[in-house]
Each structure stands twice: as C-alpha cells, then as structure tokens.
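Beneath this line is the structure, given in structure tokens, with notes to follow.
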Amino acid sequence: MRRTRPRLASNGMARKPIIVANWKMHPRARAEAKAMLTAIKKIAERSPGAAIIVAPPAIYLSELPRTSAGKKIHFAAQHARAGDTGAYTGEISMAQVKDAKARYVLVGHAERRAAGESDEDTRAQVASAISLGLTPIICVGERERSHRGEHLLFIRAQLRAAFTDVADTSVQKCIVAYEPIWAIGASEAMPARQMHEMAIFIRKTIHELRGERGQDLKVLYGGAVDESNARTMLDEGDVAGLLVGRAATNAEEFAALIRAITTKK
Ligand code: PGA
Numbered sequence: 005m006r007r008t009r010p011r012l013a014s015n016g017m018a019r020k021p022i023i024v025a026n027w028k029m030h031p032r033a034r035a036e037a038k039a040m041l042t043a044i045k046k047i048a049e050r051s052p053g054a055a056i057i058v059a060p061p062a063i064y065l066s067e068l069p070r071t072s073a074g075k076k077i078h079f080a081a082q083h084a085r086a087g088d089t090g091a092y093t094g095e096i097s098m099a100q101v102k103d104a105k106a107r108y109v110l111v112g113h114a115e116r117r118a119a120g121e122s123d124e125d126t127r128a129q130v131a132s133a134i135s136l137g138l139t140p141i142i143c144v145g146e147r148e149r150s151h152r153g154e155h156l157l158f159i160r161a162q163l164r165a166a167f168t169d170v171a172d173t174s175v176q177k178c179i180v181a182y183e184p185i186w187a188i189g190a191s192e193a194m195p196a197r198q199m200h201e202m203a204i205f206i207r208k209t210i211h212e213l214r215g216e217r218g219q220d221l222k223v224l225y226g227g228a229v230d231e232s233n234a235r236t237m238l239d240e241g242d243v244a245g246l247l248v249g250r251a252a253t254n255a256e257e258f259a260a261l262i263r264a265i266t267t268k269k
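In this text, residue positions in the sequence shown follow our numbering: the first is 5, and each later residue adds one.
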C-alpha cells in the first residue's frame with residue numbers, strides 16, 4: 005500500500021484523521037438531531053482513532069455542544085459572518101459561534117459560495133475566526149476541470165483571497181478542505197491520486213504565499229466520501245482528513261465509514 009505522507013503530529017505521534025460531519029440542512033427536527041448526536045457519541049467512544057467534528061445547522065449549535073461536554077467530539081458552524089453583532093437579519097456571527105462552544109467554522113463552502121458568498125467574504129470570515137481563536141475550515145474547489153489546468157489558477161485565487169489577512173505565524177490555525185464542486189453530491193469521489201497532486205499544490209501555494217509553515221497545512225478532501233472510498237483517500241490522497249456530507253447524515257453509514265478508517269487492515 006502506498007502511503008504518501010505519514011500523518012504525524014509535531015510530537016512525532018501518528019495524527020488522527022479529522023472527520024468533519026457536515027449535516028447541511030439536516031435533520032428536520034431537534035429530536036432527530038439529538039438522536040444523531042447520541043449515535044455519533046457512541047461511534048466516537050468506540051473509535052478513538054478518529055477526530056470527529058460535527059457541523060450541525062446553526063439552530064442546534066448552542067444546544068448540542070452543551071450536551072456533549074467531556075465527549076470525544078468537537079463542533080463546527082457551517083457558516084458564520086465575521087464579527088460580533090450587527091444589523092444582519094438571518095446571520096450568526098463568529099462571536100456567537102465561539103460562545104456556543106464550537107471550535108471550528110466552515111468558511112466558503114461551495115453551497116454558500118453558490119448562494120452569493122464572495123472571496124472577500126471568506127477573507128473577512130477567516131480573519132475574524134482566527135482573531136477569536138476558532139479554526140476556520142476553508143473550503144475551496146473548482147466547478148469543472150479542463151485539460152489546460154485552469155482549475156489550478158482558480159484554486160490559487162481562492163486560497164490567496166482566504167489567506168490575505170492570515171499572518172505567516174497563523175497558517176497552522178487554518179485547515180483547508182478541497183471539495184471539487186463536481187464531486188459534491190456526486191456518485192463517485194475524486195480519485196485519491198488526483199487528490200494527492202492537489203494536496204501538494206495547495207501546500208505549495210500556501211508555502212509561496214505565507215512561508216514554510218504552509219508545508220504543514222492540514223488539507224482535507226470532501227465530495228462523495230463514504231465507507232467505500234474513505235480509507236483509500238486517507239491512505240493515498242495525502243490528506244489529514246475528510247469532509248463528509250451525505251454519509252454523515254445517516255448514523256449507520258457514518259458508523260460504517262468510521263469503522264472503515266479506524267479498523268486495522
Ligand atoms: P457530499 O458533500 O459528501 O454529500 O458529497 C460534501 C460536502 O458538501 O461537504
């Protein structure tokens with residue numbers, strides 16, 4: 005088995021893969037959300053080899069982390085606006101996310117960008133998250149690919165914008181999730197070999213923009229991840245973890261995915 009880059013923490017210990025469960029606009033009701041979380045807590049207890057981050061809809065974000073104190077899972081907001089407070093009907097702020105005891109926030113998910121979020125918005129959100137001690141999970145990804153490789157320029161521009169206000173010494177406070185739009189919700193994930201190339205490109209880009217700490221940037225893959233491909237992506241895709249949509253909204257499928265990546269071969 006080709007293992008491209010051992011996931012090692014700075015103390016030399018093997019690093020747990022980060023698995024982000026992006027619930028998107030699921031489930032329909034609070035009782036179902038609580039049941040999902042109970043199932044995920046059990047999964048996390050059985051599988052200490054994975055670092056699980058749950059990103060529920062904002063309406064559940066203040067309650068779920070409180071019922072999970074001491075459990076082995078963390079929380080992310082799916083989106084937040086830069087800053088503390090303001091006249092922004094329907095929005096939640098980074099400060100409110102922090103207050104809800106989430107540690108992470110997705111920034112620039114493709115579905116947010118499709119609804120009008122700009123590179124300038126991601127820049128402001130990343131800066132605000134870092135200033136509050138939240139870890140931004142910066143989502144980048146192209147709509148389509150051509151053989152001329154223009155998608156690389158597109159990804160570079162998204163990264164450049166998102167990292168504009170990130171100090172060279174704060175690069176490690178960020179995570180980048182590469183999610184090609186053509187793979188989100190698709191029937192197949194991107195091949196791990198292509199992800200390996202993209203992970204190198206992303207780290208090289210941040211190295212150029214922000215110095216050598218870019219080489220240690222954590223890069224995740226997202227787009228049609230499930231139990232059948234998660235292990236290969238982690239082993240061969242040169243990634244620190246996975247951003248999971250559909251397969252994270254069903255407790256059995258999610259348990260199977262976590263089993264697939266934590267069970268010894
Ligand atoms: P998917 O979604 O796993 O359903 O493809 C991933 C995402 O949008 O984060």
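Beta carbons: idealized from backbone N, C-alpha and C, even for Gly.
These numbers were taken from a predicted model, which means no experiment stands behind them.
Alpha carbon to alpha carbon, how far is residue j from residue i? Give it in angstroms, no decimals.
i    : j    : result
M194 : S232 : 13 Å
F167 : Q219 : 15 Å
R85  : T266 : 35 Å
A133 : E67  : 21 Å
A251 : A55  : 16 Å
G189 : G74  : 33 Å
R116 : A39  : 27 Å
T209 : A35  : 44 Å
T253 : E124 : 30 Å
S72  : R50  : 16 Å
H200 : A91  : 43 Å
Y64  : A33  : 10 Å
L163 : Q198 : 18 Å
G137 : R149 : 35 Å
P31  : A255 : 12 Å
D172 : G215 : 6 Å
I96  : A104 : 11 Å
What do you reckon, are the CB atoms on residue i and residue j nearer than 8 Å?
i    : j    : result
I142 : V111 : yes
V58  : L41  : yes
I179 : K222 : yes
I204 : G145 : no
I77  : A43  : no
A119 : P69  : no
T126 : A165 : yes
G226 : A161 : no
Kindly identify the DSSP beta-bridge partner or partners of residue i.
i    : result
H78  : I57
K222 : I179
G245 : I22 and L224
Check your understanding: Taking three-plus beta-carbon pairs below 8 Å as touching, is the region 19–34 in contact with the region 234–252?
Key -> Result yes; three or more Cβ-Cβ pairs closer than 8 Å.
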